[in-house]
Amino acid sequence: MAEETSELEGPDFEKGCQLESVPDEGMLLGHAFGEAILAARRGSELFAIGATCTHYGGPLAKGLMVDCTVRCPWHHARFDLRTGEAIAAPALSDVACYKIEKRGERFFITGKVDKKPARKPKSSPASVVIIGAGAAGNAAAEMLRREGYDGPITLIGADEFLPYDRPNLSKDYLAGSAPEEWIPLRSADFYREQKIDTLMNTSVTTVDPKAKQLTLSNGRSLGYGALLLATGAEPVRLSIPGADLPHVCYLRTLADSRGIIAKAKSAKRAVVIGASFIGLEVAASLRERKLDVAVVGKGSLPLKKVLGRELGSLIRETHKAHGVKFHLERTDDGTTLDCDLVVVGIGVRPNTALAQKTGIATDNGVLVNEFLETNVPGIFAAGDIVRWPDPRAGRIRVEHWVVAERQGQTAARNILGARAPFTLPPFFWSNHFDLHIHYVGHGSGDDQVAVSGDLKAKDASAIFRAGDKLTAVATIGRDRENLQAEVALEHGDEFRPL
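Oh and the sequence shown: position 132 is 127 in my numbering, straight run, nothing missing.
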């Protein structure tokens, strides 16, 4: 899914480079063997890894070095500078790691490091079953293998497709600018090679935690040593006359996105119900397909409760400049909108029915502790269904792709005995034509918002605070600053925009 790298930049590390060219706690972009390489230094230690993020091809040299890691400026993936390992989603694949030879005051890249040291988990359950093959479930399955677990792994998904890139369903894929091959996260061969059994088009009807057995929708029984619930969420559906008409669509799955694309080919006018992130991204994508688009929403401004008045106004004006019409606070005034395609995006609900049936504690989601354990021994949970104790915001549930993947990774490590608390601040990104928003943290509608920079120039930050406490930061055109805000939130530090 990575984009093609552009012309190679910086020094040729094969020919050597001055050590002082790489600042302490800093990075330098160069190349060797026809590939872009990132050199980094921490004290006397020098590192060299591939310079292109394996998620969407982000330029790591424009990211942020934190201790012995580098964070991608685009979507906050993290890589270990010592090994090239992708240690935090959304990147799931490692970058190359390179051998470095120091000669006097110069260093040379001499080749790739062929093998990474094998890991051995602290504990290994007899088997691991993962219910849900979305972001959290897939990331968990991959992490179990990366951590050295060699027991049976079964990944069960109600969807007909193997795990895929869900954020793209409302963005580039729906707009027609992302190729089909971008959508699968992995090939079928990958799961076979990793010995991960995938059961698609399959759901779990019952779980017996005492016997550690579950029953599948096909009647088959399956035992487990440890269980991860990652059943995700389902769209909230309209309950009004006409809601079941054939041109009324929802967007959650790849099949949903394909269905909207098929209908859009013959449609001329679309109405999007809901001025949420998904609704607005759908609106932008359908405008890219040259449909007339109207957005209907309850609030006075799109996303005002999440992003505040200033950013809400900017999003509305950006959409209007691209021809999107808004009908806000006018849902019951009798206005009629002609259309031949309707997409509903009014929120989602966590799929907690199986958890409740199993005796797992729920309250607007599955309740877990800081290690993502439920109240039932041997059962963990991750992703959109989870309400977890965030160290900054208290117990929260969010529906972000990166959060779900990272929780899946943390749950996998803890299934293997790591006892690692999930403390990373939530992060998401949202695209609206040429407006790209990065948001880190977890604010609320009651937070105070201070805007720094020039919103019209798309070079700004919105800093959210509850009293004197930093809760979240949203940035436009300031990717590295968003990474710095992430670090501030992690450490409880003050944050000052550029």
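The beta-carbon is built from N, C-alpha and C at its ideal position, and this holds for glycine as well.
Residue from the options with nearest C-alpha to residue i
| i | options | result |
| --- | --- | --- |
| H50 | P162, T210, D287, R475 | P162 |
| N213 | T197, Y159, A356 | T197 |
| V61 | P492, E489, R475 | R475 |
| V123 | R408, N364, N477 | R408 |
| V288 | D109, I256, L275, G438 | L275 |
| V338 | R304, E365, V291 | V291 |
| R284 | A270, P372, Y434, H317 | H317 |
| K190 | A206, A225, E175, D145 | D145 |
| L55 | E40, S39, G25 | G25 |
| G436 | E368, A136, R387 | R387 |
| I44 | A113, C92, A270 | C92 |
| V320 | Y434, S295, A278 | Per the sequence shown, residue 320 should be read as Lys rather than Val. Considering only alpha carbons, the answer is A278. |
| S88 | E137, A121, T64 | E137 |
| A113 | T78, K94, N364, A84 | T78 |
| A31 | D488, A84, E9 | E9 |
| E20 | P372, G29, F42, P6 | F42 |
| K110 | I341, V90, I126 | V90 |
| V108 | T331, K94, A121, P120 | K94 |
| T226 | D328, L450, E394 | E394 |
| W424 | Q208, K166, K115, G373 | K166 |
| H433 | G5, N370, V397 | V397 |
For residue i, the three-state DSSP class (helix, strand or coil)
| i | result |
| --- | --- |
| E489 | coil |
| Y186 | helix |
| R141 | helix |
| N364 | coil |
| W498 | Shown here, the chain extends from -4 to 493; a query on residue 498 therefore has no answer. |
| V339 | strand |
| E30 | strand |
| I380 | coil |
| A(-3) | The predicted model places A(-3) with a pLDDT of 43, which falls under 50 and marks its position as unreliable; any figure quoted below should be read in that light. Coil at A(-3), not helix or strand. |
| V446 | strand |
| H499 | Here the chain covers residues -4 to 493 and nothing more, so residue 499 does not appear. |
| S122 | coil |
| D167 | helix |
| E4 | coil |
| A81 | strand |
| L59 | strand |
| A35 | strand |
| R344 | strand |
| K315 | helix |
| V199 | strand |
| T369 | coil |
| T149 | strand |
| L180 | coil |
| T405 | helix |
| R390 | strand |
Residue j beta carbon less than 9 angstroms from that of residue i
| i | j | result |
| --- | --- | --- |
| G440 | K293 | no |
| F428 | H314 | yes |
| Y219 | P230 | no |
| L164 | L240 | no |
| L349 | V266 | no |
| R37 | E80 | no |
| I268 | L169 | no |
| R390 | P384 | yes |
| V343 | A238 | no |
| R304 | V482 | no |
| L465 | A480 | yes |
| P236 | L222 | no |
| L367 | T405 | yes |
| I126 | L224 | yes |
CB contact below 9 angstroms: residue i versus chain C
| i | result |
| --- | --- |
| K107 | Reference to chain C is not applicable here, since this structure consists of a single protein chain. |
Heavy atom of the ligand NAD within 8 angstroms of residue i beta-carbon
| i | result |
| --- | --- |
| L323 | The ligand NAD is not part of the structure shown, which contains no ligands of any sort. |
Run through the segment 215 to 298 for me and flag every whole beta strand (DSSP E) of 3 or more residues, listed as ranges in chain order. When DSSP assignments are scanned along the segment 215 to 298, the uninterrupted stretches of beta strand (DSSP E) that are 3 or more residues long and fall wholly within it turn out to be 216 to 218, 221 to 224, 228 to 230, 243 to 245, 264 to 268, 287 to 292.
Would you check if there are 3 or more beta carbon pairs closer than 8 angstroms linking the segment 185 to 194 to the segment 142 to 162? The segment 185 to 194 and the segment 142 to 162 touch, with no fewer than 3 CB-CB distances between them shorter than 8 angstroms.
With a threshold of 8 angstroms, are at least 3 pairs of Cβ atoms found where one atom belongs to the segment 454 to 471 and the other to the segment 300 to 309? Touching, yes.
Could you check whether the segment 376 to 394 touches the segment 354 to 361, counting it as contact only if at least three pairs of C-beta atoms, one from each stretch, sit closer than 8 angstroms? Because the criterion of three Cβ pairs below 8 angstroms is met, the segment 376 to 394 and the segment 354 to 361 touch.
Any chance the segment 130 to 137 sits against the segment 397 to 412, with 3 or more Cβ pairs inside 8 angstroms? The segment 130 to 137, when compared against the segment 397 to 412, does touch it at the 8 angstroms Cβ threshold.
Do the segment 410 to 424 and the segment 252 to 265 make contact, defined as three or more Cβ pairs closer than 8 angstroms? With the cut-off at 8 angstroms, the segment 410 to 424 and the segment 252 to 265 do not touch.
The segment 1 to 21 touching the segment 101 to 112, judged by at least three CB pairs closer than 8 angstroms: Contact between the segment 1 to 21 and the segment 101 to 112 is present, because at least three Cβ pairs lie under 8 angstroms.
At 3 residues or longer, what runs of the beta strand (DSSP E) sit wholly inside the segment 420 to 483? Counting only runs of 3 or more, we get 422 to 427, 430 to 436, 443 to 449, 454 to 461, 464 to 471.
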